[in-house]
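Going by full-length UniProt numbering, the first residue of the sequence shown is number 1, and it counts up by one from there.
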Amino acid sequence: MRIAVLKERAAGEHRVAATPETVKKFSALGGVLAVEAGAGEGAGVSDEAYREAGAEVGPAEAVVRDADIVLGVQAPDPAALATARKGALVAAGFDPFGNRARVDAYAAAGFEALAMEFMPRITRAQSMDVLSSQSNLAGYKAVIAAANAYGRAFPMMMTAAGTITAARVFVMGVGVAGLQAIATAKRLGAQVSATDVRSATKEQIQSLGAKPVFVEEVAGIEGEGSGGYATEMSEEYQKAQAELVSSHIAKQDIVITTALIPGRAAPRLVTDGQIATMKPGSVIFDLAVAHGGNVEGSAPDEVVERHGVKIIGYSNTAAHLAADASALFARNLYNFLSAFWDAEQGRPVLDEEIGDAVRLTRGGQVVSERLKG
Numbered sequence: 001m002r003i004a005v006l007k008e009r010a011a012g013e014h015r016v017a018a019t020p021e022t023v024k025k026f027s028a029l030g031g032v033l034a035v036e037a038g039a040g041e042g043a044g045v046s047d048e049a050y051r052e053a054g055a056e057v058g059p060a061e062a063v064v065r066d067a068d069i070v071l072g073v074q075a076p077d078p079a080a081l082a083t084a085r086k087g088a089l090v091a092a093g094f095d096p097f098g099n100r101a102r103v104d105a106y107a108a109a110g111f112e113a114l115a116m117e118f119m120p121r122i123t124r125a126q127s128m129d130v131l132s133s134q135s136n137l138a139g140y141k142a143v144i145a146a147a148n149a150y151g152r153a154f155p156m157m158m159t160a161a162g163t164i165t166a167a168r169v170f171v172m173g174v175g176v177a178g179l180q181a182i183a184t185a186k187r188l189g190a191q192v193s194a195t196d197v198r199s200a201t202k203e204q205i206q207s208l209g210a211k212p213v214f215v216e217e218v219a220g221i222e223g224e225g226s227g228g229y230a231t232e233m234s235e236e237y238q239k240a241q242a243e244l245v246s247s248h249i250a251k252q253d254i255v256i257t258t259a260l261i262p263g264r265a266a267p268r269l270v271t272d273g274q275i276a277t278m279k280p281g282s283v284i285f286d287l288a289v290a291h292g293g294n295v296e297g298s299a300p301d302e303v304v305e306r307h308g309v310k311i312i313g314y315s316n317t318a319a320h321l322a323a324d325a326s327a328l329f330a331r332n333l334y335n336f337l338s339a340f341w342d343a344e345q346g347r348p349v350l351d352e353e354i355g356d357a358v359r360l361t362r363g364g365q366v367v368s369e370r371l372k373g
């Protein structure tokens, strides 16, 4: 079973889909790992480290030739896989809703595309969930980047010259990224508050020592919502939430927004009018900027200043922590494929529950139910 790992081609993508650790683990299953020269440079992994772990290292065309499985952070152009085996598995991030043309191209090329971002949010798939592992790091990085742009201290400091008050941090959206953002801001000594449309997150916010800020007079989502994600709310709730946020955001120094709805543009959480109420020198980090943005006026990989407030956000936040992000992503991929590894056949044989959830293409067709209709 030949497993190929190519260097990522997307702009700003420094992660890699395999590490020396996972090379050794796949080799122990009987896999032959082939890694493109330079694939790990952005994540601090040398070609020699891959060789020492037992991988072949060479040019892309040699790595892909006769590959049975291709691993990627972002799915490569299917044209680059022309010499892989017919029906080869490609496990990577596909952005299926945002890049449907690539999915269709994989179907036409005859590959079996497995979208890691479609991993179901079930207990036995937790160790395979790339969205959670990468969002965790993104939530951390958002706070660190915001703290750097803020230019003031986060914790309260009592000195002989006087007291410096703690920064006020408001986290909007309490999924994996939001929870890590809360925890990171608390560790830095900030006074933290957070909000979400899902009522179950109130206890999670409190457990991290932060203050929950919730609409009380209009019902939100009970429980966790579909697959752990929020969904679009009623107009009544959106209006009530906007009023609540407007009164709260004016007092904040840092705002971190994290809200995403799968398959749709990111919901607008912060308007220009609300930004205008914030103190000059405040900072907003929009973690959803690559999906349309939660914040009016935000732009990927740019610092936008409005009303004296800095608005920042990365198009690929996890890639700013490439070494750790690669280590986690690579483990997710290994955990996924090894869980279904059939020793007799020498390859993974996916079950229906997880296999059907992540499979986009097979036998020349787009087979994902989420992409039909």
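Yeah, the Cβ is synthetic: ideal placement off N, Cα and C, and Gly gets one too. Owing to the predicted nature of the structure, the values given are computational and were not obtained by experimental measurement.
Beta carbon of Met128 nearer than 8 Å to that of Gly93: No, they are not a contact pair.
Sheet register partners of Gly58 (DSSP bridge): In DSSP, Gly58 forms a bridge with Glu36.
Delimiting residues of the beta strand (DSSP E) encompassing Ser338: First-last for Ser338: 322 to 339, but that is the alpha helix (DSSP H), not the beta strand (DSSP E).
Straight-line gap, Gly364 to Ala107 (C-alpha atoms, nearest Å): Annotation: Gly364 to Ala107 spans about 5 Å, alpha carbon to alpha carbon.
Neighbourhood of Lys7 by C-beta distance below 6 Å, restricted to the same chain and skipping five residues each side: Non-local beta-carbon contacts of Lys7 in its own chain, meaning distances under 6 Å to residues more than five positions away in sequence, involve Glu36, Gly38, Ala39 in chain order.
Alpha helix (DSSP H) segment containing Val45, residue limits: Counting along the chain, Val45 falls outside any alpha helix (DSSP H), and DSSP gives it neither H nor E.
Proximity of Ser282 and Val309 at Cβ, strictly below 8 Å: For Ser282 and Val309, yes; Cβs fall inside 8 Å.
When Arg152, Ser338, Val349, Arg331 are compared against Tyr21, the one with the closest alpha-carbon: One point to set straight first is that residue 21 is Glu, not Tyr, in the sequence displayed. The shortest C-alpha separation from Glu21 is found at Arg331.
Arg124 in three-state terms, based on DSSP: helix
Nearest-angstrom Cα separation, counted from Leu188 out to Gln238: 31 Å
Burial state of Pro348 (16 or more Cβ within 10 Å): When all chains shown are included, Pro348 counts as buried.
Reference Ala343, options Lys24, Val23, His14, Gly31, closest by Cα: Gly31
Member of Pro155, Gly293, Phe170 whose CA lies at the smallest distance from the CA of Val163: Residue identity differs from the one stated: residue 163 is Thr in this sequence, not Val. It is Pro155.
Residue from Pro212, Phe340, Ala323, Arg306 with nearest C-alpha to Ala200: Pro212
Contiguous alpha helix (DSSP H) assignments of at least 4 residues, all confined to the segment 135 to 215: 176 to 187, 201 to 207
Per DSSP, cross-strand counterpart(s) of Glu112: Within the DSSP bridge table, the entry for Glu112 names Leu89 as partners.
Rounded C-alpha distance that separates Ala167 from Ala210: 13 Å
Beta-carbon spacing of Thr361, Glu203 below 8 Å: no
Gly87 burial status per 10 Å Cβ neighbour count (16 or more: buried): exposed
Any non-hydrogen atom of the ligand MN within 7 Å of Thr165 CB: With respect to the ligand MN, the structure shown offers nothing to examine, as it has no ligands at all.
C-beta atoms of Ala194 and Gly139 nearer than 8 Å: Between Ala194 and Gly139, the C-beta spacing is not below 8 Å.
Distance between Val295 and Arg268 (C-alpha atoms, nearest Å): 6 Å
Backbone secondary structure at Ile261 - three-state DSSP: coil
Three-state secondary structure assigned by DSSP to Gly223: At Gly223 the pLDDT is 43, less than 50, meaning the model places this residue with poor confidence and gives no usable figure here.
For Arg102 and Pro78, the rounded distance between their alpha carbons: Cα-Cα distance, rounded: 8 Å.
Own chain partners of Ala49 with C-beta closer than 8 Å, once the 5 adjacent residues on each side are dropped: Pro20, Gly40
Check whether Ala67 and Arg85 have beta carbons under 8 Å apart: yes
Nearest residue (CA-CA) to Gly173, options Met158, Ala4, Val197: Val197
C-beta contact flag for Thr257 and Ala288 at 8 Å: yes
Distance, Leu350 Cα to Ile182 Cα: 36 Å
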